[in-house]
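See structure below.
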Amino acid sequence: MKKRYNLFALFNDFDEVREAIIELKVMDLREGGVEEMRMKSPVPHPELEEVIGARPVFVQRFSFVGALLGAVAGFLLTAGLTQSMFTVQPQGGKPVIPIPPDLIIMYELTILLGVWFTVIGFLIGARLPRRRSRLYSKRVSEDQVGLLVEVLESHYQKVKDLLWRHKAQDVLEE
Amino acid sequence: MGIERMIKQWFEFRRSGQVGDEYHRHEYRWGMTIDLDKCIGCNACVTACYAENNLPVVGKERFARGLAMHWIRLERYWYTGEAGEKKTRFSERGAQYLPMLCQQCEHAPCEPVCPVTATYHTPDGLNAQVYNRCIGSRYCSNNCPYKVRYFNFYSYYDTWQTPLEQQLNPDLSVRDKGVMEKCTFCVQRIRAAKNRAKNENRKVRDGEVMTACQQACPTRAIVFGNLEDPDSQVARSWKVHKMAFGHNEKKEGKKPVRGYRVLEELNTEPSIQYLERVRDTDV
Amino acid sequence: MEEEIRKDIQWAQINRDVLHSMASPRPAYWALVGLCVAVVLVGVYAEIHQYRFGMGEARLNWPQMWGLYIANFIFWVGVSHAGTLLSAALFLTNTEWRRPVYRSAEAMTSVALLTAALFPVIHLGRVWDFYWVLPYPNERGLWPNFRSPLLWDMAAIFTYLNSSMLFLYYGMIPDLAIYRDNATGWRHRLYGWLSLGWMGTDRQWRNFRKGYLLLACFLLPLAVSVHSIVASDFAMSVMPGWHVTSFPPYFVAGALYSGCAAIITLFILLRYTFRYEEYLTLPILDKLCKLTFAIAMVWVYLNLIEFASVWYGHDMFEKEVLLEKAAGPYAPAWWTMLILGVGLPFTLLVKRVRRNMLVLLGLSMLINIIMWLERWMIISPALARNHEPYSWGYHWPGWVELSITLASFAWFTLLFLVFVKIFPSLSMYEVKEMLFHRRHVSDRLVREPAPEADSATEG
């Protein structure tokens, strides 16, 4: 297995990062060497994320499953557990399993589980919680954009120079 | 898990039918008739209820604040003239009396609103209140059109001073603060009669159960009994006055008889029939 | 057109300004906290008194079984609504000016719900058994009654409290990371835990955006359902004056009305206290006022609908309740509520009013008092008249109810005060995003050359 290095460069704005990313991409196409790229930014930048490489997001599937589970759980809780096991006496002339109230509980539980599953889906998708990597700067949460590049040993120096050339404010490595 | 039971109950209780259809299999359905023509407004029923059901006497000040616990109350209404007529402060013939107690509605508005199922409908047609389960949200009393549910705003168990606690009825509890209570049709008497009947392997006979108010009424204005038994006195009086569950005076048009149920238009299906008072001037 | 936010604010400046709000509090803060704690303690004493002697101490009676506690409950649930509206609805419609305001509005939502959730419990006759309404498995097989609107309430409030707090926390994660990066010692550890190791990577942002969108989609219908369900407590009953079909939308409109007014109050107070003039700007306040006016008009219309349907419905009991409101002992409160509630929002049409902080502060607080009165007027006058004339009667709150009501306002203030000191009351990353969008999108559209200062701001 080849030795790899992580380089983390800080830039002043997104435009500079974009230039660096494009050049790195071009270099990677020609001769390889760049294993992975990651951006760390104070605000999201969907277009640049696409440039780095579009990856699908699966949070909505979690929401859907959660909402569905919530609806089923709501019905089983009201009709299955409660109304057929305990409140079997008709009250106020209502049937034992009245639909409208059960729909309301189902509605609320749909949202409750949907919300919880969305948050869980986000945590799984974003790989959180995690320990903070060393290649991080407090400037990233302020106003600078970080670019994390995983390079092979062979291209280490070349990429480092490239980053400095693109007005990187600082380059950390590991 | 109750999925099997869920499916069973689904098919059993989903159908719509006559009011109280679910109970037709049961052998009892308790009902009452109160003849207002016989009522003289003597309040004996109220006193009897206080004695029978361990009702606290709240005192003058709290009564004025509206904290009285009378399960049955004698309402007085004064005829003060129709619109356009000459208004009078009091009617010449005295008040109209209406003994008001829990109507044991078949479609009771108080039942489904209880958050903890402290009130429910028994198979013999009673609107039961479970004191131990009640948490005092007071929604049932708000939703009762007859306002016959009373709340224990204070503790009264220590208000019976020695030796008055000796006269408490041991057949039922003394309620503590924070609990809703109301007329039970003297369920402790019904229970005793049912047990007796069961031991002797027979049904409860008509007149075997008397509610306290009925027992105390000097003019026998109150008739209580099993509506499922066609020969009982109460069932006969319902029949004579063309009263039945699922019927509504407004829907049917004015009937030529005296029987009516209070606030029938709300479709609460009360189990108490009142017989209108007849004035000689009306005849 | 006036800019909602200056385009050349430095990003680092935003961090500094918001972090400043978290700095060690001034003596005035502690004085206010002390005052709130004192008032809350008075409320706790009242509650203990009521617990010892019974609900009769709240001066409730027959037939006035519900009183100020339920009015307070509706009021606080109502206040909580505007936060979600502002956050979720304006997010879904891509409204940029929501960004500086929504954090404090969402915090208000959660805090108001924490206040509201106390009242159904305080109101119970047997408080110590309050957990019986929760559906938990037990050896006796006892369950709550899902037919009861109170249970729907329980489910709705529980869901809303859960979801709005999660939503608030979720949106705060990137900001908590900023706090973590700037804190030292135990604070650094605490915010490290809270921010879950957020680093702002593209993967995190991608999932974050999607999740936020989904949460907003869940939150919006939830908020509408919550107050409709609270309205069902009344609309599903058979009582005249409560059994009104238009109650659910009426409640939702009233909730948003009072909630928007509360947001304006907090907006002005935060702007003044934390020197947020750059972010909570006058043009945004102007838009908030217009939103309040629009919602107020919905509320006015639904009021008219309610009276009209009573009038044409010709039900004698319903009419009796309406007459009771207009001419009974509660009439002064009812007329004050109606005249001021309808009249006050019209002053928002005047630009001078929309720009005058002091006037707006007074106005928004007055609107909230009016809306509190409205909730009381839903309960007491309706209970005073019912189908059974023998039972007609009134309820006037005593010291127990009044001090618990006051304590709820103190409790709300206290929680909010604690919130602004330990959490960012302004969304830093969203304001940065707003600036970023403004600078890039608007510049490209207008095709004006980027000014000198502009290129420096990103650095």
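Line order of the protein sequences matches chains A, B and C. The numbering used here puts the first sequence at residues 1 to 174. The numbering used here puts the second sequence at residues 1001 to 1283. The numbering used here puts the third sequence at residues 2001 to 2459. Backbone N, C-alpha and C fix where the C-beta goes; we use that ideal spot for every residue, glycine too.
The beta carbons of Pro2149 (chain C) and Ser2232 (chain C) sit closer together than 8 Å. When Cβ-Cβ separations below 8 Å define contact, Met39 (chain A) makes contact with chain C. Interface residue (Cβ-Cβ distance to chain A less than 8 Å): Met1006 (chain B) is classified as such. In terms of beta-carbon proximity, Ala79 (chain A) lines the interface with chain B, with at least one pair separated by less than 8 Å. Along the stretch 134–146 of chain A, there is no position whose C-beta sits under 8 Å from a C-beta of chain B. In the three-state reduction of the DSSP assignment, Met39 (chain A) falls in the strand class, which pools E and B. Positions of the alpha helix (DSSP H) runs, each at least 4 residues long and wholly inside the stretch 2383–2437 of chain C, are given as 2399–2422 and 2428–2437 in order along the chain.
Three or more pairs of CB atoms, one per stretch, sit closer than 8 Å, so the stretch 2240–2255 of chain C contacts the stretch 2376–2393 of chain C. When 7 Å is used as the limit between beta carbons, Phe2423 (chain C) is near no residue of chain A, the shortest such separation being about 16 Å. Against chain B, the CB of Gly70 (chain A) has no partner CB under 8 Å away; the residue lies outside that interface. Chain-order list of chain C residues neighbouring Glu1075 (chain B): Tyr2390, by C-beta distance under 7 Å. Judged by beta-carbon spacing, Val119 (chain A) lies beyond the 8 Å limit of Tyr2191 (chain C), meaning their Cβ atoms are not closer than that value.
Among the residues facing chain A, Arg2203 (chain C) is included, as its CB has a counterpart in that chain under 8 Å away. Between the stretch 2107–2118 of chain C and the stretch 2164–2180 of chain C, the count of Cβ pairs shorter than 8 Å is three or higher; the stretches touch. Remark: C-beta atoms of Met1100 (chain B) and Val1234 (chain B) do not approach each other more closely than 8 Å. When DSSP states are grouped into helix, strand and coil, Tyr5 (chain A) belongs to the strand group. Residues of the same chain with a CB within less than 6 Å of the CB of Glu1269 (chain B), apart from the 5 flanking positions on each side, are Val1019, Cys1105, Glu1106, His1107 and Phe1245 in chain order. The DSSP-derived three-state label of Pro1099 (chain B) is strand. With a 10 Å radius around the Cβ and a threshold of 16 neighbouring Cβ atoms, Asp161 (chain A) comes out exposed.
DSSP places Val145 (chain A) inside the beta strand (DSSP E), whose first and last residues are Val145 to Leu152. In the three-state DSSP reduction, Asp170 (chain A) falls in the strand class (E or B). When DSSP states are grouped into helix, strand and coil, Gln1161 (chain B) belongs to the coil group. In the DSSP assignment, Arg1073 (chain B) falls within the beta strand (DSSP E) that extends over Arg1073 to Tyr1077. Scanning its chain for C-beta atoms nearer than 7 Å, with the 5 sequence neighbours on each side dropped, one finds around Ser1232 (chain B) the residues Asp1206, Gly1225 and Asn1226, in chain order. Residue pairing by DSSP places Gly1031 (chain B) opposite B:Gly1225 in a beta bridge.
Take Met2428 (chain C), set aside five residues on each side of it, and the residues of its chain with a beta-carbon closer than 7 Å to its own are Ile2014, Asn2015, Val2018, Asp2175 and Ile2178, in chain order. Interface criterion not met: the Cβ of Gly74 (chain A) is under 8 Å from no Cβ in chain B. Assignment of beta-bridge partners to Tyr1120 (chain B) by DSSP yields B:Ala1128. In the three-state DSSP reduction, Gly53 (chain A) falls in the helix class (H, G or I).
Within the stretch 2145–2164 of chain C, Asn2145, Arg2147, Ser2148, Pro2149, Leu2150, Leu2151 and Met2154 place their CB atoms closer than 8 Å to a CB of chain B, listed in sequence order. Fully enclosed alpha helix (DSSP H) runs of no fewer than 4 residues occupy 2102–2116 and 2118–2122 of the stretch 2088–2133 of chain C, in order along the chain. The residue among C:Ser2309, C:Pro2397, C:His2123 and C:Leu2266 with its C-alpha nearest the C-alpha of Leu2360 (chain C) is C:Leu2266.
With fewer than 16 other beta carbons inside 10 angstroms of its own, Trp2311 (chain C) counts as exposed.
For Pro1115 (chain B), there are no neighbours in chain A by C-beta distance under 8 Å, as the nearest C-beta there is about 12 Å away. Distances from the alpha-carbon of Ser41 (chain A) to those of A:Arg134, A:Ala126, A:Val115 and A:Val17 put A:Val17 closest. Among the residues of chain A, those whose CB is under 8 Å from the CB of Ala2177 (chain C) are Ser141, following chain order.
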